[in-house]
Amino acid sequence: GDNAFAEKLSKLGDVYVNDAFGTAHRAHASTAVIADYFPAGKKMFGLLMEAEVMAAEKVLLKAEKPFTAIIGGAKVSDKILIIENLLERATDIIIGGGMAYTFMKAMGGMIGNSLCEEDRLDTAKDILEKAEAKGVRIHLPSDSVIADKFAADANTSTSPSNHIPDGWMGLDIGTHACEQFRNVILHSKTILWNGPMGVFEMEKFQHGTKTIAQAVAEATSKGAFSLVGGGDSVAAVNDFGYADKVSYISTGGGAMLEFFEGKELPGIAAIK
1085 GDNAFAEKLS KLGDVYVNDA FGTAHRAHAS TAVIADYFPA GKKMFGLLME AEVMAAEKVL
1145 LKAEKPFTAI IGGAKVSDKI LIIENLLERA TDIIIGGGMA YTFMKAMGGM IGNSLCEEDR
1205 LDTAKDILEK AEAKGVRIHL PSDSVIADKF AADANTSTSP SNHIPDGWMG LDIGTHACEQ
1265 FRNVILHSKT ILWNGPMGVF EMEKFQHGTK TIAQAVAEAT SKGAFSLVGG GDSVAAVNDF
1325 GYADKVSYIS TGGGAMLEFF EGKELPGIAA IK
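According to my numbering, the sequence shown holds residues 1085 to 1356 in order.
Structural data, given as structure tokens:
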């Protein structure tokens, strides 16, 4: 974010075009500060940046209801702010991935050796209470595919997500949860998907994420608007062959997350 460097860079061109949504959340010399050295008509967004902002605003500010947010990944701590912001907007929030077990434990469930952020149990409870007060439906996986170790060759079984035996860990959502989540998605008019449902890089634990990708594609074919963002979700729709069957795939991981957390992105603010 060095000013002198940004000024030097600015001397190299007549106009400044920022088309890097993926770095829009960073106030760096070439992504934000440089814009200060160009007059109003000489700094602008590129076509990708325009498409990203339009897709994100369509979901965040103009979402047609029912609006379902599918939030996955390992940690609640990474997704607290996005969930809290979505509580003001979404009708349904589906929570999968490792973070679901912190919620399960917060509700008094037994989660065996599943991933859990002990220091976030109160946060999870707080989110559940806020959702109830606002009438937002939170959907947690009713069952899980469980494994005796975190490995591709682990022994697997299924179990209710709140009753996982000691020595076992949840690594994917189970068949009931797949059906449960699929129904919610198919009734949605707007869908935001950020984060996988399990360890989809391992074949034994990819069914849940694949089911979600399928359901999002199916809902989109019936007229829903779907935005997929965040490295893992994007990798999943590409891997499973649904990339051309969703409305928009974001190129920004952290940038998209911060946009949906309600933060102003320096790369966008610098030009707007």
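Yeah, the Cβ is synthetic: ideal placement off N, Cα and C, and Gly gets one too.
For residue i, which residues in the same chain have their Cβ closer than 8 Å to its Cβ, ignoring the five residues on either side in sequence?
i, result
"Ala-1158", "Gly-1181, Gly-1182, Met-1183 and Leu-1199"
"Leu-1063", "There is simply no residue 1063 to check, as the chain begins at 1085 and stops at 1356 in what is shown."
Between residue i and residue j, what straight-line distance do the alpha-carbon atoms span, to the nearest angstrom?
i, j, result
"Met-1133", "Trp-1252", "44 Å"
"Lys-1149", "Thr-1274", "7 Å"
"Gly-1192", "Gly-1325", "38 Å"
"Ile-1355", "Ser-1310", "27 Å"
"Gly-1106", "Ala-1090", "19 Å"
"Asp-1103", "Lys-1126", "14 Å"
"Ser-1317", "Ala-1113", "29 Å"
"His-1260", "Asp-1237", "23 Å"
"Phe-1122", "Ile-1164", "37 Å"
"Lys-1092", "Phe-1129", "21 Å"
"Pro-1280", "Ala-1320", "8 Å"
Can you check DSSP and say which residues form a bridge with residue i?
i, result
"Gly-1254", "Ile-1230"
"Lys-1127", "Tyr-1100"
"Asp-1176", "Thr-1152 and Arg-1221"
Among the options, which residue has its Cα nearest to the Cα of residue i?
i, options, result
"Gly-1315", "Gly-1307, Met-1340 and Gly-1325", "Met-1340"
"Ala-1088", "Asp-1120, Val-1099 and Asp-1103", "Asp-1120"
"Leu-1276", "Ser-1305, Gly-1130 and Val-1330", "Val-1330"
"Leu-1212", "Ile-1230, Leu-1170 and Ser-1228", "Leu-1170"
"Met-1188", "Glu-1287, Leu-1224, Thr-1295 and Thr-1207", "Leu-1224"
"Ile-1154", "Asp-1328, Ala-1327 and Gly-1292", "Gly-1292"
"Gly-1307", "Arg-1221, His-1271, Phe-1289 and Ala-1320", "His-1271"
"Val-1283", "Gly-1156, Met-1138, Thr-1207 and Glu-1141", "Gly-1156"
Would residue i and residue j qualify as a contact pair, given that the criterion is a beta-carbon distance under 8 Å?
i, j, result
"Arg-1110", "Gly-1337", "no"
"Ala-1124", "Ile-1177", "no"
"Ile-1257", "Ala-1299", "no"
"Val-1160", "Arg-1204", "yes"
"Ala-1147", "Tyr-1332", "no"
"Asn-1278", "Ile-1166", "yes"
"Ser-1226", "Ser-1245", "yes"
Between residue i and the rest of its own chain, which residues show a CB-CB distance below 7 Å, the 5 nearest in sequence each way excluded?
i, result
"Ile-1248", "Met-1194, Ile-1195, Gly-1196, Ser-1198, Ser-1228, Ile-1230 and Gly-1254"
"Arg-1266", "Thr-1295 and Ala-1299"
"Ile-1118", "Ala-1090, Leu-1093, Ser-1094 and Tyr-1100"
"Phe-1289", "Val-1229, Leu-1255, Asp-1256, Gly-1282 and Val-1283"
"Thr-1207", "Val-1160 and Ile-1164"
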